[in-house]
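**Student:** A single structure is presented below for examination.
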């Protein structure tokens with residue numbers, strides 16, 4: 001068997017390489033016919049010249065693809081540019097791997113997997129406000145499913161978001177939650193969701209705002225805590241306003257760090273501290289005054305207004321102390337004749353078990369109004385609750 005010399009092996013390898021280049025020229029036009037070389041066959045002048053002609057032809061065709069007025073990749077008139085590994089469509093200076101630019105309309109990229117016209121998603125840069133929008137023609141209503149404004153606001157279902165996240169939906173606008181401590185949603189498994197606020201100390205866990213959970217027995221809504229991955233708030237405030245165009249609003253109620261609840265006061269000193277009136281069934285009114293009066297140990301000769309009497313016909317006629325040490329009953333009736341059928345009680349509840357003594361009540365008339373007043377000896381008396389028909393808060 002005849003062995004090829006080293007230079008012949010190298011030459012035949014070159015034939016294979018250049019032959020591959022010849023194959024690449026298929027589809028771009030005719031090329032010079034080359035006679036295949038078989039084993040041991042000498043390299044003739046014809047074979048060599050045919051190879052040279054095909055290489056030259058391939059070089060010409062590659063140059064045609066990348067230059068000239070009719071070039072496929074043309075950075076002057078063709079609309080598409082290939083510059084240093086970057087592709088530009090509508091621009092001759094692409095600044096990234098793919099750069100799409102339209103000087104007369106919105107630059108858009110369409111993606112489609114479903115047949116028929118308009119069943120595609122479009123991603124485009126709106127030239128009117130420089131926003132980025134995700135568009136689909138099959139969506140009911142606003143066709144722009146997601147809009148990102150140049151200021152960072154994101155709108156879902158709206159093209160003009162007014163906040164960092166603006167969801168336009170009158171149905172179910174936002175759904176949160178997954179399996180506990182997971183990212184999955186397994187059927188018949190307890191689910192949890194949490195919303196928090198960033199902490200004053202960056203390294204601290206966020207402040208818990210609202211937590212929702214659902215298990216086989218109940219569904220829960222928690223305000224402020226009940227989780228080990230968030231800090232509980234120290235104060236919870238409730239605000240309302242007199243109309244729909246009022247900013248800030250007015251604090252109506254708060255729960256402080258000790259658990260005290262204040263209504264009409266920002267400094268509750270009891271489990272429930274109400275600065276105002278509580279009406280029940282349209283007739284019972286309860287006023288609770290905290291730190292409103294200063295009572296002395298021993299006889300106090302000063303009279304203190306407790307409530308306004310809403311009818312001038314009411315008159316205080318007596319006061320009695322019932323079986324409980326911290327409750328007094330004050331009986332009043334129509335003036336001047338007292339009848340048992342119209343004798344509702346005014347109940348005075350002291351905040352401590354040390355009952356006052358020598359307590360007196362009276363009705364006074366000042367500034368065209370009648371008031372219920374009280375005086376007596378008070379020991380540790382601080383919080384007073386007044387309830388009864390025909391009374392009105394002093395606030």
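Residue numbers (UniProt numbering): 1 to 395. Where a beta carbon is used, it is the ideal one built from N, C-alpha and C, also for glycine.
1. Are the CB atoms of residue 206 and residue 231 within a distance shorter than 8 Å?
2. When the Cα atoms are used, what is the spatial distance from residue 403 to residue 263?
3. Among the residues of its own chain, which have a CB less than 8 Å from the CB of residue 235, if the five just before and after it don't count?
4. For residue 152 and residue 84, what's the separation of their Cα atoms in angstroms?
5. Would you give the residue range spanned by the beta strand (DSSP E) that residue 230 belongs to?
6. Looking at C-alpha atoms only, which residue of 125, 142, 146, 128 is the closest neighbour of residue 134?
7. What are the boundary residues of the beta strand (DSSP E) that includes residue 398?
8. Helix or strand or just coil, what does DSSP make of residue 176?
9. Could you check if residue 393 is buried or exposed, using at least 16 other CB atoms within 10 Å of its CB as the buried criterion?
10. Once you ignore the five residues that flank residue 198 on each side, which residues in its own chain have a CB closer than 7 Å to its CB?
11. With a floor of 3 residues, list each beta strand (DSSP E) that falls wholly inside the region 215 to 269, ordered by position along the chain.
12. Got a sec? Which residues, its chain only, sit under 6 Å from residue 169 by beta carbon, not counting five neighbours each side?
13. Helix, strand or coil: how does DSSP classify residue 46 here?
14. Quick one: grab the DSSP three-state call for residue 102.
15. Using the beta-carbon count (16 or more within 10 Å), is residue 124 buried or exposed?
16. Tell me residue 213's beta-bridge partners as DSSP assigns them.
17. From the DSSP output, read off the bridge partner residues of residue 81.
18. Could you please give the first and the last residue of the uninterrupted beta strand (DSSP E) stretch that includes residue 307?
19. Quick check: the Cα distance between residue 117 and residue 154, rounded to an integer number of angstroms?
20. Sorted by chain position, which residues of the same chain lie with C-beta nearer than 7 Å to residue 240's C-beta, five sequence neighbours on each side aside?
21. Please state if the CB of residue 177 and the CB of residue 191 are separated by a distance shorter than 8 Å.
22. What would DSSP say about residue 147, mapped onto helix, strand or coil?
23. Quick one: give me the first and last residue of the beta strand (DSSP E) that residue 162 is part of.
24. With distances taken from CA atoms, which of 92, 268, 136 is nearest residue 113?
25. Keeping to the same chain, check which residues put their C-beta closer than 6 Å to that of residue 220; ignore five residues upstream and five downstream.
26. Where does the unbroken beta strand (DSSP E) through residue 133 begin, and where does it stop?
27. Tell me the DSSP secondary structure of residue 344 in three-state form.
28. Per the DSSP calculation, residue 187 is bridged to which residue(s)?
29. Measuring CB to CB, does residue 275 end up less than 8 Å from residue 269?
30. What would DSSP say about residue 125, mapped onto helix, strand or coil?
31. DSSP three-state call for residue 29: helix, strand or coil?
32. With burial defined as no fewer than 16 other Cβ atoms inside 10 Å of the residue's Cβ, what is the status of residue 149: buried or exposed?
33. Got a sec? Which residues, its chain only, sit under 6 Å from residue 218 by beta carbon, not counting five neighbours each side?
**Tutor:** For this structure:
1. yes
2. The structure shown does not extend to residue 403, since the chain spans only 1 to 395, so no value can be given for it.
3. Correct list, in chain order: 254, 255, 256, 257.
4. Taking the Cα positions, residue 152 is about 32 Å away from residue 84.
5. Taken as a continuous stretch (DSSP letters only), residue 230 belongs to no beta strand (DSSP E), as it is neither H nor E.
6. 146
7. Since the first residue of the chain shown is 1 and the last is 395, residue 398 is not available in this structure.
8. coil
9. buried
10. Within the same chain, Cβ atoms closer than 7 Å to the Cβ of residue 198 are found at 206, the five residues on either side in sequence being excluded.
11. 219 to 223, 236 to 240, 250 to 255, 261 to 263
12. 157
13. helix
14. coil
15. Buried is the label assigned to residue 124, since at least 16 other Cβ atoms lie within 10 Å of its Cβ.
16. 192, 220
17. 88
18. Its beta strand (DSSP E) spans residues 304 to 309.
19. In this structure, the straight-line span from the alpha carbon of residue 117 to that of residue 154 is close to 28 Å.
20. Answer for residue 240: 249, 250, 252, listed in chain order.
21. Going by C-beta atoms, residue 191 is nearer than 8 Å to residue 177.
22. strand
23. Residue 162 -> no beta strand (DSSP E), and no H or E assigned at all.
24. 136
25. 213
26. 131 to 136
27. For residue 344, the predicted model reports a pLDDT of 46, less than 50, meaning its position is unreliable; a value from the coordinates is still stated below. Correct three-state label for residue 344: coil.
28. None, per the DSSP bridge assignment.
29. Residue 275 places its beta carbon 8 Å or farther from that of residue 269.
30. strand
31. With a pLDDT of 48 at residue 29, under the threshold of 50, the modelled position of that residue is not reliable, and no figure is offered here.
32. buried
33. Excluding sequence neighbours, residue 218 sits near nothing in its chain.
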